[in-house]
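**Student:**
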Amino acid sequence: MAGFGVRDLDALQMVPHPAVTLLLEFGAGSPVLDFADGRQLRGSMVAGPGLGSGGAVRVRGENVECVQVRLSPVIARAVLGVSPADLDGAVASLGDLWGRETARICEQLSDVASWQDRFALTDALLARRHEAGPPVDPEVAWAWHRIVGSRGLARVDELAAEVGWSRKRLWSRFRSQLGLPPKRAVKLVRFDHAAHRLVAGEGAAQVAADTGYADQSHLHRDVVEFTGATPATVVAEPFLAVDDIAWPGRGTPAKPHVPGIFVRSPTGGETATAVNVAQSPALA
Numbered sequence: 001m002a003g004f005g006v007r008d009l010d011a012l013q014m015v016p017h018p019a020v021t022l023l024l025e026f027g028a029g030s031p032v033l034d035f036a037d038g039r040q041l042r043g044s045m046v047a048g049p050g051l052g053s054g055g056a057v058r059v060r061g062e063n064v065e066c067v068q069v070r071l072s073p074v075i076a077r078a079v080l081g082v083s084p085a086d087l088d089g090a091v092a093s094l095g096d097l098w099g100r101e102t103a104r105i106c107e108q109l110s111d112v113a114s115w116q117d118r119f120a121l122t123d124a125l126l127a128r129r130h131e132a133g134p135p136v137d138p139e140v141a142w143a144w145h146r147i148v149g150s151r152g153l154a155r156v157d158e159l160a161a162e163v164g165w166s167r168k169r170l171w172s173r174f175r176s177q178l179g180l181p182p183k184r185a186v187k188l189v190r191f192d193h194a195a196h197r198l199v200a201g202e203g204a205a206q207v208a209a210d211t212g213y214a215d216q217s218h219l220h221r222d223v224v225e226f227t228g229a230t231p232a233t234v235v236a237e238p239f240l241a242v243d244d245i246a247w248p249g250r251g252t253p254a255k256p257h258v259p260g261i262f263v264r265s266p267t268g269g270e271t272a273t274a275v276n277v278a279q280s281p282a283l284a
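Note that full-length UniProt numbering numbers the sequence shown so that position 173 is 173, with each residue one more than the last.
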């Protein structure tokens, strides 16, 4: 999870990520998602894996303060109370899922004084809901962790054989419980890894060779499919640039400045790219 305080968020593109995104807002303003078809969604929300494919979703707002959580699809069903499949890669208002609890959580986040207290509050919420919710099949969880661990190089046929299921059964259970088919999960995880290596400054040809693409053209097609941008231009996307600060451990260097994004430090100061981060047991 990470905390963001944004004075003026100017239509940043959402870049697809292999996680369920939970956004809890509590500031004076509200984040607004604009969709290519003209739809809008405002306030606290939850998005299925791969939100923003094709560059079709942008987020904006003024005086936005929020806690953003990237939930593994393996635990998302228990935490949300619905399967990520019900989101189908789209976005839902959190109030539609949690009712009055959403407003109560946002009030609590606003009432506490520090980001660390907000993280602790959010962590307790996630842990409580996760404990009470239904788990996914262990075979499905294992297949997901294999896909993530291989950085999108796992083969679906081999995953099915290793858990003792048919390909059709794995596809059905995986899709219904995690919100996307295993082949799409492989593709999304591979893209995510490749995109962050591009952001780190590596050349497209080398990235393609190292991350399982047939060639550079194959990488180019996937990047365009997921972002609507070419590999040469996607590296400048602010959401990708801030990732290594907000969610460290990818091994990619952070950009020195991301215009328009301001986040509060643990001591209450404000800088252009510092993000408060909490590693939550509930997210493991």
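Think of the CB as a built atom: it goes at the ideal place given N, C-alpha and C, for glycine as much as any other residue. Keep in mind that this is a model prediction, so the values were computed, not measured.
Please report the distance separating the alpha-carbon of residue 285 from that of residue 204.
**Tutor:** Within the shown structure, residues of the chain are numbered from 1 to 284, placing residue 285 beyond reach of any answer.
**Student:** Residue 8 lies in the beta strand (DSSP E); which residues open and close that run?
**Tutor:** Here residue 8 corresponds to residue number 8 of the sequence shown, with the count starting at 1. Here the beta strand (DSSP E) through residue 8 covers 2-13.
**Student:** Just curious, the alpha helix (DSSP H) that residue 239 is in, first and last residue?
**Tutor:** The residue you call residue 239 lines up with position 239 of the sequence shown. From DSSP, the alpha helix (DSSP H) with residue 239 extends over 238-246.
**Student:** Let me check understanding here. Comparing Cα to Cα, which of 159, 169, 176 and 173 lies closest to residue 186?
**Tutor:** Here residue 186 is taken as the residue at index 186 of the sequence shown, counted from 1. Of the residues 159, 169, 176 and 173, the one whose Cα lies closest to the Cα of residue 186 is 159.
**Student:** State the CB to CB distance for the pair residue 82 and residue 71, rounded to an integer number of angstroms; the pair is presumed to be in contact (CB under 8 Å).
**Tutor:** One-based indexing of the sequence shown puts residue 82 at position 82. One-based indexing of the sequence shown puts residue 71 at position 71. With a Cβ gap of about 12 Å, residue 82 and residue 71 do not count as contacting.
**Student:** Would a C-beta distance cut-off of 8 Å place residue 16 and residue 50 closer than the cut-off?
**Tutor:** For the purposes of this step, residue 16 is taken as the residue at position 16 of the sequence shown. For the purposes of this step, residue 50 is taken as the residue at position 50 of the sequence shown. For residue 16 and residue 50, yes; Cβs fall inside 8 Å.
**Student:** Could you tell me which residues DSSP puts in a beta bridge with residue 66?
**Tutor:** For the purposes of this step, residue 66 is identified with residue 66 of the sequence shown, where counting begins at 1. DSSP lists 4 and 25 as partners of residue 66.
**Student:** Helix, strand or coil: how does DSSP classify residue 223 here?
**Tutor:** For this step, residue 223 is matched to residue 223 along the sequence shown. It is helical.
**Student:** Counting pairs of Cβ atoms below 8 Å between the segment 59-66 and the segment 165-176, do you hit three or more?
**Tutor:** no
**Student:** Buried or exposed: where does residue 218 fall if 16 or more other Cβ atoms within 10 Å of its Cβ makes it buried?
**Tutor:** Residue numbering aside, residue 218 sits at position 218 when the sequence shown is read from its first letter. Exposed, because fewer than 16 other Cβ atoms sit within 10 Å of the Cβ of residue 218.
**Student:** Could you check whether residue 238 and residue 12 sit closer than 8 Å to each other, using their CB atoms as the reference points?
**Tutor:** Taking the sequence shown and counting its residues from 1, one reaches residue 12 at position 12. Taking the sequence shown and counting its residues from 1, one reaches residue 238 at position 238. Contact: yes.
**Student:** Would a C-beta distance cut-off of 8 Å place residue 60 and residue 37 closer than the cut-off?
**Tutor:** To locate residue 60, count along the sequence shown from 1; it is residue 60. To locate residue 37, count along the sequence shown from 1; it is residue 37. Against a cut-off of 8 Å, the Cβ pair of residue 37 and residue 60 comes out as no contact.
**Student:** Three or more C-beta pairs under 8 Å: does that hold for the segment 138-145 against the segment 174-182?
**Tutor:** yes
**Student:** From 6, 106, 78 and 75, pick the residue whose C-alpha is nearest to that of residue 45; which is it?
**Tutor:** By 1-based counting over the sequence shown, the position of residue 45 is 45. Distances from the CA of residue 45 to each of 6, 106, 78 and 75 were compared; the closest alpha carbon is that of 106.
**Student:** Using a Cβ-Cβ cut-off of 8 Å, state whether residue 121 counts as contacting chain C.
**Tutor:** Absent here is chain C; the protein component of the structure consists of one chain.
**Student:** For residue 102, which residues from the same chain have a beta carbon less than 7 Å from its beta carbon, with the 5 sequence-adjacent residues on both sides left out?
**Tutor:** For this step, residue 102 is matched to residue 102 along the sequence shown. Around residue 102: 44, 94 and 95.
**Student:** With residue 126 as the anchor, note down where its beta strand (DSSP E) starts and where it stops.
**Tutor:** Within the sequence shown, residue 126 is the residue found at index 126, counting from 1. Not the beta strand (DSSP E): residue 126 falls in the alpha helix (DSSP H), residues 115-132.
**Student:** Under 8 Å, with one C-beta from each stretch per pair, do the segment 206-225 and the segment 112-130 reach the 3-pair mark?
**Tutor:** no
**Student:** Check whether the Cβ atoms of residue 18 and residue 192 lie closer than 8 Å to each other.
**Tutor:** Position 18 of the sequence shown, counted from the start, is the residue given in the question as residue 18. Position 192 of the sequence shown, counted from the start, is the residue given in the question as residue 192. Note that the C-beta distance between residue 18 and residue 192 is below 8 Å.
**Student:** Which runs of the alpha helix (DSSP H) at least 4 residues long sit entirely within the segment 153-219? Give them in chain order.
**Tutor:** You should have 156-163, 167-178, 182-199 and 204-210.
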